[in-house]
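Since the structure comes first, as structure tokens, the remarks are kept for the end.
2 protein chains.
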Amino acid sequence: MTPRAYGQFCGLAHALDLLGERWTLLIVRELILGPRRYGELLAALPGIGTNLLADRLKALEANGIVQRSTLPPPASVAVYELTESGEELLPLVGGLALWGLRLLDEQPEGETARASWMALCMMAAGRRRGWRGAETTIAVTVDGERLWFCLAEDGITISEGQPRDADVRLTCDRRTFLALATGELTPDDARLEIEGSRRTLQRALTVMRLTIGEPAMHLSL
Amino acid sequence: MTPRAYGQFCGLAHALDLLGERWTLLIVRELILGPRRYGELLAALPGIGTNLLADRLKALEANGIVQRSTLPPPASVAVYELTESGEELLPLVGGLALWGLRLLDEQPEGETARASWMALCMMAAGRRRGWRGAETTIAVTVDGERLWFCLAEDGITISEGQPRDADVRLTCDRRTFLALATGELTPDDARLEIEGSRRTLQRALTVMRLTIGEPAMHLSL
DNA sequence: CGGAATCCTCTTCGATACTG
DNA sequence: CAGTATCGAAGAGGATTCCG
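Heads up: the protein sequence lines correspond to chains L and H, in order. To convert, take the position in the first sequence, counting from 1, and add 10; that gives the numbering used here. To convert, take the position in the second sequence, counting from 1, and add 10; that gives the numbering used here.
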């Protein structure tokens, strides 16, 4: 099943046997946001090629990191989702994303960008710093992409779609969202579409603030 | 430089552009233990092939993750070592190693094994749990491989070679070391070559205990 | 001898076309 | 919509050779 394994009795080598091939961790990244259909994954991963996606999903399923399931009727469509082992990758994927973010140049220049990729980094940054206070839900719509954060003392989560009840709702374009995430822009000095408390949004953004292309903030385990 | 980049403005995708190719993170794993010569890396990574190692090292150097330096005279040999960015990968490499370890079968069956790979996992496990108390140095010699742990309140480190002054010295073979690491064996019930306090060794092994091939201990960020 | 560059074969990737 | 089949191009792995 793994024709090109490292053949080392080592946790890292084994992790890389399971996750180290091209695209695999990006598939996991997409599934962190929730169950996904085959076609959605294909669209979210420009350049992957359908055979590769099929191969990777098969391998991930065989290794117990991803499972296929069928959404309850009336949807009744097949989706892929993370298993428990797969969910445990969240802090590692988040940590890698933060590490890579600081080494990233500011300029996309031809690169595709998605709010959910930024949001994943924001979640990871927020988990590092920790949220103190009442559970807070923040819904954002960025260039039509809808997702929401839930900040609580026992962790920050992120999902696609719309929450039942949001404390704050933010609508903007991707540039503005990035500027808010990096702290370049604050909810106050911009005329943004915000429903709810700008203060609450500000607090959340501070906890989840990203640093892009900057030397080094100290990483602790 | 990276002809096969993901082209996504995403921290994770960028991290994988820098680290995601085959062998790259295993090279980082080796360098976590200290600076290494080209030939040592070649020997520590069975199967890599000399051109691949040269390519990877060049890419890692170009990306500021690894740097070449020359050991002070009289050694005066060229070695590769991690930069600050490279050092920051330690918790991530450790986390991946622990994740992979639990999905690893007990059986090596033809796989090569090294005490230092186990030791890296032990360090990561120990950092999760944390060490309370006085700084403690433990030297181990496993099938001739010498390395040592330094357990302190602000983190656990591991190096190859011999410490100036060890609180405990342990000498055994790899099987015994693995059994001690997993808690299958304790310093008391084995007749081992131990210099120093068995109690201290026991405390350290408890903090750094590994679980191999077991369902799931809760991972926190 | 340590530190690579070269050559050659095999596998994997990525894109397109095709099928249940 | 959810994959499988096919094929040229790029990457991996091994041996050998070159350089200092």
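Just so you know, even glycine gets a beta-carbon here, dropped at the ideal spot from N, CA and C.
Inset, instruction - Could you tell me which residues DSSP pairs with Thr216(H) in its beta bridges? - result: Counting from 1 along the second sequence, the entry for residue 216(H) is found at position 206. Paired residue(s): none; Thr216(H) is not in a bridge.
Inset, instruction - Grab me the residues of His228(L)'s own chain with a C-beta within less than 6 Å of its C-beta, minus the 5 sequence neighbours each way, in chain order. - result: Counted from its first residue, the first sequence places residue 228(L) at position 218. Confidence in His228(L) is poor, its pLDDT being 40 and thus under 50, which makes the residue's placement unreliable; the coordinate value appears in the next sentence. The answer is none, since no qualifying residue turns up.
Legend entry - Where the region 92–109 of chain H meets chain L: residues whose CB sits under 7 Å from a CB there: Glu94, Ser95, Glu98, Leu99, Pro101, Leu102, Val103, Gly105, Leu106, Ala107, Leu108, Trp109
Inset, instruction - Run the CB neighbour count on Tyr90(L), radius 10 Å, all protein chains shown included, and call it buried at 16 or more, exposed below. - result: Taking the first sequence and counting its residues from 1, one reaches residue 90(L) at position 80. With 16 or more Cβ atoms within 10 Å of its Cβ, Tyr90(L) is classed as buried.
Inset, instruction - Tell me whether the beta-carbon of Ala23(H) lies closer than 8 Å to the beta-carbon of Leu36(L). - result: By one-based count along the second sequence, residue 23(H) stands at place 13. By one-based count along the first sequence, residue 36(L) stands at place 26. Result yes, Cβ atoms of Ala23(H) and Leu36(L) sit closer than 8 Å.
Inset, instruction - Let me know the secondary structure DSSP gives Leu229(H) once reduced to three states. - result: As a position in the second sequence, residue 229(H) is number 219, starting the count at 1. At Leu229(H), the pLDDT of 40 sits below 50, so the modelled position is not reliable; the number obtained from the coordinates is stated separately. Three-state result, Leu229(H): coil.
Inset, instruction - Answer yes or no: do Trp141(H) and Ile168(H) have a C-beta to C-beta separation smaller than 8 Å? - result: If you number the second sequence from 1, residue 141(H) lands on position 131. If you number the second sequence from 1, residue 168(H) lands on position 158. Cβ atoms of Trp141(H) and Ile168(H): not closer than 8 Å.
Inset, instruction - Any chance you could list the beta strand (DSSP E) runs of at least 3 consecutive residues sitting entirely within the region 185–213 of chain L, in chain order? - result: 203–206
Legend entry - Cβ separation of Leu67(L) and Thr60(L), assumed to be a contact under 8 Å, to the nearest whole Å: As a working note, residue 67(L) is residue 57 in the first sequence. As a working note, residue 60(L) is residue 50 in the first sequence. No, Leu67(L) and Thr60(L) are not in contact; Cβ-Cβ is about 11 Å, not under 8 Å.
Legend entry - Span of the beta strand (DSSP E), counted from its first residue to its last, around Glu116(H): Here residue 116(H) corresponds to residue number 106 of the second sequence, with the count starting at 1. Premise fails: Glu116(H) is in no beta strand (DSSP E) and is neither H nor E.
Inset, instruction - Give me the Cα-Cα distance between Arg156(L) and Asp183(L), rounded to the nearest whole angstrom. - result: Here residue 156(L) corresponds to residue number 146 of the first sequence, with the count starting at 1. Here residue 183(L) corresponds to residue number 173 of the first sequence, with the count starting at 1. Between Arg156(L) and Asp183(L), the C-alpha separation is close to 11 Å.
Legend entry - Arg78(L): first and last residue of the uninterrupted beta strand (DSSP E) it sits in: Your numbering for residue 78(L) matches position 68 in the first sequence. Its beta strand (DSSP E) spans residues 76–80.
Inset, instruction - Could you tell me whether any Cβ in chain L is nearer than 8 Å to the Cβ of Met161(H)? - result: Taking the second sequence and counting its residues from 1, the one referred to as residue 161(H) is at position 151. Per the sequence presented here, residue 161(H) reads as Leu, with Met not at that position. With 8 Å as the cut-off, Leu161(H) does not count as an interface residue toward chain L.
Legend entry - CB contact flag (Ile148(H), Ala129(H), <8 Å): Looking up residue 148(H) in the second sequence gives position 138. Looking up residue 129(H) in the second sequence gives position 119. It is not a contact, given that the beta carbons lie outside the stated cut-off.
Inset, instruction - Quick one: using the 10 Å Cβ neighbour count with 16 as the cut-off for buried, is Ser126(H) buried or exposed? - result: For the purposes of this step, residue 126(H) is identified with residue 116 of the second sequence, where counting begins at 1. Answer is buried; the Cβ neighbour count reaches 16.
Inset, instruction - Pull up the distance between the alpha-carbon of Leu28(H) and that of Leu202(H), whole angstroms please. - result: To locate residue 28(H), count along the second sequence from 1; it is residue 18. To locate residue 202(H), count along the second sequence from 1; it is residue 192. Cα-Cα distance, rounded: 43 Å.
Inset, instruction - Give a yes or no on whether the minimum CB-CB distance between Glu40(L) and chain H is below 8 Å. - result: Counted from its first residue, the first sequence places residue 40(L) at position 30. It does not; no Cβ of chain H falls within 8 Å.
Inset, instruction - Using alpha carbons as the reference points, say which of Leu113(L), Asp198(L), Ala162(L) lies closest to Arg208(L). - result: On the first sequence, position 198 is the one that residue 208(L) refers to. Of the candidates Leu113(L), Asp198(L), Ala162(L), the one whose C-alpha sits nearest the C-alpha of Arg208(L) is Asp198(L).
Inset, instruction - Flag this pair as touching only if the region 91–99 of chain L and the region 86–101 of chain H have three or more C-beta atom pairs under 8 Å; answer yes or no. - result: no
Inset, instruction - Compare the beta carbon distance of Leu161(L) and Leu190(L) with 8 Å and say whether it is the shorter of the two. - result: The count along the first sequence starts at 1 and reaches residue 161(L) at position 151. The count along the first sequence starts at 1 and reaches residue 190(L) at position 180. No, the Cβ-Cβ distance between Leu161(L) and Leu190(L) is not below 8 Å.
Legend entry - Expected contact under 8 Å - CB spacing of Arg32(L) and Ala135(L) to nearest Å: In the first sequence, counting from the first residue as 1, residue 32(L) sits at position 22. In the first sequence, counting from the first residue as 1, residue 135(L) sits at position 125. With a Cβ gap of about 26 Å, Arg32(L) and Ala135(L) do not count as contacting.
Inset, instruction - For the beta strand (DSSP E) holding Ile42(H), just list the boundary residues, first then last. - result: For the purposes of this step, residue 42(H) is taken as residue 32 along the second sequence, with counting starting at 1. From DSSP, Ile42(H) is part of no beta strand (DSSP E) but of the alpha helix (DSSP H) over 34–42.
Legend entry - Neighbour list for Glu121(L) in chain H, Cβ cutoff strictly below 7 Å: On the first sequence, residue 121(L) is found 111 positions in, with the first residue counted as 1. Those within 7 Å of Glu121(L) in chain H are Gly17, Gln18, Phe19.
Legend entry - DSSP three-state assignment for Ala88(L), whether helix, strand or coil: Start at 1 with the first residue of the first sequence, and residue 88(L) comes out as number 78. Strand, per DSSP.
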